[in-house]
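Just so we're on the same page, the numbering used here is the position in the sequence shown counted from 1, plus 14. Working notes for the structure below.
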Amino acid sequence: MVEVASLILIILYFLALKAIAWLCHRKSSHTQEDFFLGGRIVSGPLLWATVLATAVNSLAYTAVPGLVYQGGVLFVFMWAVVIGLALCIRFLGPLVASYARFHHLISQGELFGHYYSSRSIQNATGLLAIAAALPFMCVQLNGMAKIAHSATAGVVSYELALLLLAAYTGVYIFYGGARAVIATDLVQATVFTLLLLFTACLFTYWIGGFSQAFGAIRTARPELLHFNATTLSACIDNAVSWPLAFFLWPQLFQRMLMAKDEPSIRETSRATLWLFGFTMSLIMTIGIMITAEFITEARSPDTLVAEMFRRHWPAGSSVVVLAVIALGMSTLDSGLLALSSIVSRDLLRTSDYSFSRRCSLVLLVVVTLLAASETGRGALAPMVSFGASLAALLIWPVLGMTFLPGLTSRQILLAYTCGASAIASSIFGPAFGPGILGMVGGMTGIALGWAMDRTWFVVGRIERARRKHRLF
Numbered sequence: 015m016v017e018v019a020s021l022i023l024i025i026l027y028f029l030a031l032k033a034i035a036w037l038c039h040r041k042s043s044h045t046q047e048d049f050f051l052g053g054r055i056v057s058g059p060l061l062w063a064t065v066l067a068t069a070v071n072s073l074a075y076t077a078v079p080g081l082v083y084q085g086g087v088l089f090v091f092m093w094a095v096v097i098g099l100a101l102c103i104r105f106l107g108p109l110v111a112s113y114a115r116f117h118h119l120i121s122q123g124e125l126f127g128h129y130y131s132s133r134s135i136q137n138a139t140g141l142l143a144i145a146a147a148l149p150f151m152c153v154q155l156n157g158m159a160k161i162a163h164s165a166t167a168g169v170v171s172y173e174l175a176l177l178l179l180a181a182y183t184g185v186y187i188f189y190g191g192a193r194a195v196i197a198t199d200l201v202q203a204t205v206f207t208l209l210l211l212f213t214a215c216l217f218t219y220w221i222g223g224f225s226q227a228f229g230a231i232r233t234a235r236p237e238l239l240h241f242n243a244t245t246l247s248a249c250i251d252n253a254v255s256w257p258l259a260f261f262l263w264p265q266l267f268q269r270m271l272m273a274k275d276e277p278s279i280r281e282t283s284r285a286t287l288w289l290f291g292f293t294m295s296l297i298m299t300i301g302i303m304i305t306a307e308f309i310t311e312a313r314s315p316d317t318l319v320a321e322m323f324r325r326h327w328p329a330g331s332s333v334v335v336l337a338v339i340a341l342g343m344s345t346l347d348s349g350l351l352a353l354s355s356i357v358s359r360d361l362l363r364t365s366d367y368s369f370s371r372r373c374s375l376v377l378l379v380v381v382t383l384l385a386a387s388e389t390g391r392g393a394l395a396p397m398v399s400f401g402a403s404l405a406a407l408l409i410w411p412v413l414g415m416t417f418l419p420g421l422t423s424r425q426i427l428l429a430y431t432c433g434a435s436a437i438a439s440s441i442f443g444p445a446f447g448p449g450i451l452g453m454v455g456g457m458t459g460i461a462l463g464w465a466m467d468r469t470w471f472v473v474g475r476i477e478r479a480r481r482k483h484r485l486f
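As structure tokens, this is what we get:
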């Protein structure tokens, strides 16, 4: 019965998305700007909803509540994400949006390349953004398929769930583009916020309240309620990179370029602080309750929410399936559009509307194959952390547009190179995490670039002086 209810909900939800995509396709002007940015006319609740739907993803029902189960107080860094994203939207969003609108720029790399008059910056930004976003997109599809498989007790296999989700995502992106994504984001943001609220209240009722939950945690694993060397370093590392990454991941950065005007973006920063903060409170509550429930059991943190429903209310598993699909698709579709714009505008430099639509489908196939691989089926959080650290490196060209106007293209490229190399070194298990290593590497690249610029300047002055001396 549960499996049938889950499948019916999925089918009805997909049909609703298809109808929205068809309506949006009829209103489309069939240009790249319309396909990727929805005509730059998004404002008010639509802009709030698309930012929230892009920021809150399938990890809200998988890895993020599992952070409490795994690391306890490690969850604190998620509040840095909420505050950091709101501040970035408030102070950086209006500037990048106005510059992109004035110069008719569509992608992240195109914007940075135009500002620094450097094709190398455009290419490097595009490649870095793809490397940062691909793990995140893979995780969305992976999380949706895992939960659908778990909540239906294996009736819907992991592979079948991947194919169904990819197929329906591809349909409404191909036909509706950004207009369909924005419209469905409003629906999906409403759906998953209500479901998160429902889940948090239900789990709190089952456990008996916060006092019961903290009592169970304190008795079984008191170390979860205190920072230690491991959790503190991980919290600091994530707090360094994740707030920047949530703004700089291409799917959310592109939301700034969709905005109608700068006041709409500033208004969205306030809405993000309250709405994102509210959803994070609900996710934290869910994490505390599942930790109290499974505190003495060894479980996969990615499926604890589904397991909680199956234990207390099996019929409620269909709620989990719908929530995770709404959360995952709201981020997956945005990411596919952003990556398609990067390939089209930054790497291939084409303005062909038809090619961009086909490119989004090709990228969807790539993401699906990655999610189906052994690597894609692994733990979710480490993959996203690696991508977040790479995305945070994109802050350097933004700082060059705002607070550090003296930065040159050489310095930016060195910051990319040194930062990415430092992040890659974290695979070998150094003392610091990828977030801190990426920032230190980026600063090292900036310093090295500055030293090279000064050296060339001094050498140039000396050479000009020698030539002048020879003339006389």
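Where a beta carbon is used, it is the ideal one built from N, C-alpha and C, also for glycine. Note that the coordinates shown come from a computational prediction; the quantities given were computed from them, not determined experimentally.
- Given a length threshold of 4 residues, each whole run of the alpha helix (DSSP H) inside the segment 368-453 is given here in chain order: 394-406, 409-415, 423-439.
- Burial state of A227 is buried, judged by a 10 Å Cβ sphere holding 16 or more other Cβ atoms.
- Sixteen is the threshold: since fewer than 16 other Cβ atoms of the shown chains lie within 10 Å of the Cβ of H117, the residue is exposed.
- The three-state secondary structure of V56, taken from DSSP, is strand.
- CA-CA distance, S348 to L61, rounds to 13 Å.
- When secondary structure is reduced to three states using DSSP, A273 falls in the strand class.
- When only Cα atoms are considered, F290 and A429 end up about 31 Å apart.
- The shortest C-alpha to C-alpha distance from G401 to any of A145, L51, C102 is the one to A145.
- Under the three-state reduction of DSSP output, D347 falls in the helix class.
- One thing to note: G342 has its Cβ within 9 Å of the Cβ of L179.
- With distances taken between CA atoms, M453 lies nearest to G433 out of G433, T469, I34.
- By the Cβ rule, the segment 228-239 does not count as touching the segment 54-68, because fewer than three pairs are nearer than 8 Å.
- Apart from the 5 residues on each side of it in sequence, E173 sits with its Cβ closer than 7 Å to the Cβ of A386 in its chain, given in chain order.
- Short of 7 Å from the beta carbon of V334, and not among the five residues preceding or following it, lie these beta carbons of its own chain, in chain order: Y75, I161, A165, V319, A320, F323.
- Its Cα nearest to that of S57, the residue M272 stands out among N242, M272, A243.
- Residue environment for S355: buried (at least 16 other C-beta atoms within 10 angstroms of its C-beta).
- With respect to the 9 Å criterion, C38 and A194 are classified as neighbours on the basis of their beta carbons.
- Pairing A111 with I120 gives a Cβ-Cβ distance that is not under 9 Å.
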